[in-house]
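Following: one structure in structure tokens, then a few remarks.
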Amino acid sequence: MTGFTRPSSISAVPRRQTGILTRESLPLLTSTRRNRRHPMAEPSIDPNAELLALSESETFQDQQRVHDIFSRLRREDPVAWTPEPFGGPGFWSITKYDDIQFVSKNPKLFSSDQQLGGITLESPQMRANREGRELADDEIASVFQAGRSMIAMDPPDHNVHRRMVAPGLTPQKLDDLTPRIRGRCSEILDRIAAQDQCEFVASVAAELPIQMLAELLGVDQARRHDLFEWSNIIIGGDDPDVATSREHVVSAFMGMVDFAVELHAERLKSPGPDLISMLVHTKVDGKPMDMADYISAFVLLVVAGNETTRNSISGGMLALSQHPEERRKLLDDPALMPSAVNEIIRWVAPVVYMRRTALDDVELGGKQVRKGDKLALWYMSGNRDEDKWDDPFRFDISRDGPRHLSFGYGQHLCIGWRLAEIQLTVVLEELLRRFPDMTVDGEVDRLRSNFLNSIKRMNVRYTAERDAA
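Numbering of the sequence shown is given in this note's numbering, commencing with residue 58 and proceeding in unit increments.
Okay, structure coming up:
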């Protein structure tokens, strides 16, 4: 966090102009309906235990329980009014594939705008962490809080900001990048080759995405560990094992912000073929992206580039370990790799949900959604929709069917989805080639989060290459 020079030209932004909502600035509609069941919603199942549990991050550490809740909702109440246990306004739980797609492809009806509440649900810890960020009385903190990230924008602003990054992630550029991805993956596996066990998340699943992220950003590989730690703390705020205090979160945010500002100054003087240079030098309405939006874009790139691919890789290894017959199919027929990658991402659902805000009254799934209502699009549930897949709780790498929802849909389809699939493909190919018997050993330690389906620690065992020889 320390050691970076802050450009003197950056000016503080008044708190009332910040893009991050405080408790006091939540829309009036949320405060007037707190702790009341939505008057238009009378679900046919008892919400008191199951629906309340969806707001609790620890619920998602028990995958079986979560899927049981979602299965019942899809069957009995697919658009369910969901109260929040800690004073939040409540939200609609959208659990069916088609309904999630409908909301996702209609941004004129359902907004991602941060000023309306953004894309994530409230939780006591995340609220405390956000308030903790606002305790950092610093001009850089003020600039960051004023920024808007494209993930929390609606068209046309979203389209403009998305186009700023898209040239760095074209199919041709990713094809050119694939040999370097494979080279880095081989080096990573070289480090564990002489052993017969390792902690998979830190050694493999996290290492490749963060190395590739550093390369795409034009950041020295020695700094990738900082990016990794900051991202984990920022996104893992509900887990006390990851974010130990408000001050811990403040430190991570300010470390990332300071680093973003340092990179901005460097790229102004010496641009390169990297994503940071694109952000710094691409014009928005004839003007450079302002510092606040640049910092928000930087944070999004780091968090998204680090977290979701790592979750897919670690979740994929777990799925193949739990279903050895599917691993054998893949070993026997490598041509199944594309469908295996699609099935792993469907199965894992690395991002559990996204939230939207209704911009008008609309009927959805037979329920009257009112203007201002919040909706949670449960990708994890949509990926197990019985109307879309035969036996959706069977892990089947040769499965046909629709594309998963894990990368979102419509305007907010993950801009880096191709890169994520390439990295997952390369890791699986190299692991199966070098360590075909690698399997999970012992219990899996999951992140306490209802936003990310993430594994913190997972031990694996395998035949060391010296022994195999």
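Beta carbons: idealized from backbone N, C-alpha and C, even for Gly.
Worksheet entry | Between the CA atoms of M313 and L284 - distance to the nearest angstrom | Going by the C-alpha atoms only, they are around 7 Å apart.
Worksheet item: Alpha carbon to alpha carbon, what distance is there between D453 and E383?
Response: The straight-line gap from Cα to Cα measures roughly 7 Å.
Practice prompt. Select from D342, I512, I292 and S243 the residue whose C-alpha is nearest the C-alpha of D374.
Written response: According to the sequence displayed, residue 374 carries Met and not Asp. If we check each option's Cα against that of M374, I512 comes out closest.
Worksheet item: Which residue comes first and which comes last in the alpha helix (DSSP H) that contains L388?
Response: First-last of the alpha helix (DSSP H) with L388: P381 to D389.
Item to complete: Note down the Cα distance separating H282 from V419, rounded to an integer number of angstroms.
Response: One alpha carbon belongs to H282, the other to V419, and they sit about 46 Å apart.
Worksheet item: Is R131 helix, strand or coil by DSSP?
Response: R131: helix per DSSP, three-state reduction.
Worksheet item: Could you give the distance in angstroms between the alpha-carbon of D277 and the alpha-carbon of Q268?
Response: The C-alpha of D277 lies about 9 Å from the C-alpha of Q268.
Worksheet item: Mind checking whether K431 and W149 have CB atoms under 8 Å apart?
Response: For K431 and W149, yes; Cβs fall inside 8 Å.
Worksheet item: Just checking, does the stretch 136-156 make contact with the stretch 396-403 on the three C-beta pairs under 8 Å criterion?
Response: Segments in contact, no.
Practice prompt. Would you please state the rounded distance, in angstroms, between the beta carbons of S169 and V356? I believe it to be under 8 Å.
Written response: Taking a contact as a CB-CB distance under 8 Å, the pair S169 and V356 does not count as one, their CB atoms being some 16 Å apart.
Practice prompt. Determine the direct distance from the alpha carbon of N440 to that of R80, and round the result to whole angstroms.
Written response: Below a pLDDT of 50, predicted positions are generally treated as unreliable, and R80, at 28, falls in that range; the measurement from the model is reported next regardless. So the two alpha carbons sit approximately 33 Å from each other.
Worksheet item: Quick one: Cα of S308 to Cα of A300, how far?
Response: Taking the straight line from one Cα to the other gives about 10 Å.
Worksheet item: Considering only the beta carbon of each residue, do Q480 and T365 sit closer than 8 Å?
Response: Contact annotation: Q480 and T365 have beta-carbon atoms that are not nearer than 8 Å.
Practice prompt. Return the chain-ordered list of same chain residues with a C-beta closer than 7 Å to the C-beta of S288, the five sequence neighbours on each side being excluded.
Written response: Around S288: V359, V360, N363 and E364.
Practice prompt. Could you tell me whether the stretch 496-506 touches the stretch 291-300, using the rule of 3 or more Cβ pairs below 8 Å?
Written response: As far as the Cβ criterion goes, the stretch 496-506 touches the stretch 291-300, which means the pair count is three or higher.
Discussion item. Under 8 Å: do the stretch 482-491 and the stretch 221-228 share three or more Cβ pairs, one atom per stretch?
Written reply: No contact exists between the stretch 482-491 and the stretch 221-228.
Worksheet item: Where F508 and G174 are concerned, what is the direct C-alpha to C-alpha distance, given to the nearest angstrom?
Response: Just so you know, the alpha carbons of F508 and G174 end up roughly 15 Å apart.
Practice prompt. Look at the alpha carbon of D211 and the alpha carbon of Y351, and state the distance between them as a whole number of angstroms.
Written response: If I take the Cα positions, the gap works out to 17 Å.
Item to complete: List the residues that DSSP assigns as beta-bridge partners of Y410.
Response: For Y410, which the question treats as bridged, DSSP gives the partners W435.
Item to complete: Within the stretch 199-230, note down every full alpha helix (DSSP H) run reaching 4 residues or more, in order along the chain.
Response: Fully enclosed alpha helix (DSSP H) runs of no fewer than 4 residues occupy 214-222 of the stretch 199-230, in order along the chain.
Worksheet item: Skipping 5 residues on each side, what residues in its chain have a beta carbon closer than 6 Å to that of I126?
Response: Around I126, the same chain offers E107 as residues with beta carbons nearer than 6 Å, after the five sequence neighbours per side are excluded.
Worksheet item: E141 by DSSP, collapsed to three states: which one?
Response: In the three-state DSSP reduction, E141 falls in the coil class, being neither helix nor strand.
Worksheet entry | Cβ neighbours of G329 in the same chain (closer than 6 Å, five flanking residues each side left out) | Spatial neighbours of G329 in its own chain (CB-CB distance under 6 Å, excluding positions within 5 residues in sequence) are listed in chain order as G275.
Worksheet item: Going by DSSP, what residues sit across from P345 in a beta bridge?
Response: K340.
Worksheet item: Cα separation between Y410 and W474?
Response: Taken atom to atom, the span from the alpha-carbon of Y410 to that of W474 is near 16 Å.
Discussion item. Rounding to the nearest angstrom, what Cα-Cα distance links R491 and I292 in this structure?
Written reply: Taking the straight line joining both Cα atoms gives about 33 Å.
Fill in: Strand pairing of D537, partner residues [DSSP]
The question about residue 537 has no answer here: the residues shown for the chain are numbered 58 through 526.
Worksheet entry | Runs of beta strand (DSSP E) lying entirely within the stretch 421-470, each at least 3 residues, in chain order | List check, beta strand (DSSP E) in window: 424-426 and 431-435.
Practice prompt. Give the range of the beta strand (DSSP E) segment to which Q254 is assigned.
Written response: Start and end: Q254 to E256.
Practice prompt. Drop a sphere of 10 angstroms on the beta-carbon of H218, count the other beta-carbons inside from all chains shown, and report buried for 16 or more, exposed for fewer.
Written response: Buried.
Fill in: Whether V258 touches S369 by CB criterion (8 Å)
Going by C-beta atoms, V258 is not nearer than 8 Å to S369.
Item to complete: Indicate whether K162 and G458 have their beta-carbon atoms separated by less than 8 Å.
Response: No; because the gap between Cβ atoms is not below 8 Å, this pair is not in contact.
Worksheet entry | For I151, the three-state DSSP class (helix, strand or coil) | Judged by DSSP in its simplified three-state form, I151 adopts strand.
Discussion item. Please identify the residue among V136, L111 and Y519 whose C-alpha is closest to the C-alpha of V426.
Written reply: Measuring from the Cα of V426, the nearest candidate turns out to be V136.
Worksheet item: Which term fits D233, buried or exposed, when burial requires 16 or more other beta carbons within 10 angstroms of its beta carbon?
Response: Result: exposed.
Fill in: The alpha helix (DSSP H) enclosing W171, as first and last residue numbers
Per the sequence shown, the amino acid found at residue 171 is Gln instead of Trp. From DSSP, Q171 is part of no alpha helix (DSSP H); its letter is neither H nor E.
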